[in-house]
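Trainee: The working numbering applies: residue 198 is where the sequence shown begins, and numbers increase by one.
In this text, a Cβ means the ideal position worked out from N, Cα and C, and glycines have one as well.
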Amino acid sequence: MSVPMTVEETTLSPAPAGDVWKLCGAPASIAEWSPAVGKSWMDGDVRHVELTGAGQARERITEHDDAERYYTYDYVDGPLVLDAMSSRFAVHSTADGGSKIVWSAQFAAVDDAHGAELAQAVSGMYQAGLTSLAALVAASPS
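Structure follows, in structure tokens:
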């Protein structure tokens, strides 16, 4: 029986949302800022990612909106043990002129044991990616 799970990680940056989006808004750019991804490329609407030490995965980009600064994607196949997974990556403007970066996923784990393990792995990957992205943004000229 599938077990529904949700993961959401966020980070704040003093940089304007538009500047942050320039660094991370292209789905194929994920390898430039996420330590979990060694290489990434697009083939049509499918993003291929080589996960560091974990093999290759394919993700279908289902929405991509530069004006609203977000994209969504569905996990197609790869090393993760799950029935389905949809994720959203977004950069929002904050009242102080900075940005809030949100990376979330909803997925169906194959069972409770895999669900807890998978949630921890996805959360860790998203946290590491956001930490790395925030450092990249801080080091980038405005």
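1) Nearest by alpha-carbon distance to Y270: which of V278, A306, I258, D280 is it?
2) Cβ of D274 within 7 Å of Cβ of V200?
3) Which residues in the same chain as T207 place their Cβ atom closer than 8 Å to its Cβ, once the five residues preceding and following it in sequence are excluded?
4) Under a Cβ-count criterion, where at least 16 other Cβ atoms within 10 Å of its own Cβ denotes burial, should W238 be classed as buried or exposed?
5) T249 by DSSP, collapsed to three states: which one?
6) Distance check for V307 and R244, CA to CA, integer angstroms please.
7) Note the first and the last residue of the continuous alpha helix (DSSP H) segment covering V329.
8) Relative to the C-alpha of V204, which candidate in A332, Q317, V288 has its C-alpha closest?
9) Along the alpha helix (DSSP H) that carries E265, what are the first and last residues, could you check?
10) By Cβ distance, which residues of its chain are closer than 6 Å to Q324, with the 5 residues on each side in sequence left out?
11) Whole angstroms are fine: how far does the CA of L330 sit from the CA of V319?
12) With DSSP as the reference, label D242 as helix, strand or coil.
13) CA-CA distance, C221 and W230?
Mentor: With the given structure in hand:
1) I258
2) no
3) K297, I298, V299, W300, L327
4) Classification for W238: exposed.
5) coil
6) 24 Å
7) It should be pointed out that residue 329 corresponds to Ser in this sequence rather than to Val. Unbroken alpha helix (DSSP H) run through S329: 309-336.
8) Q317
9) Premise fails: E265 is in no alpha helix (DSSP H) and is neither H nor E.
10) E206
11) 16 Å
12) coil
13) 8 Å
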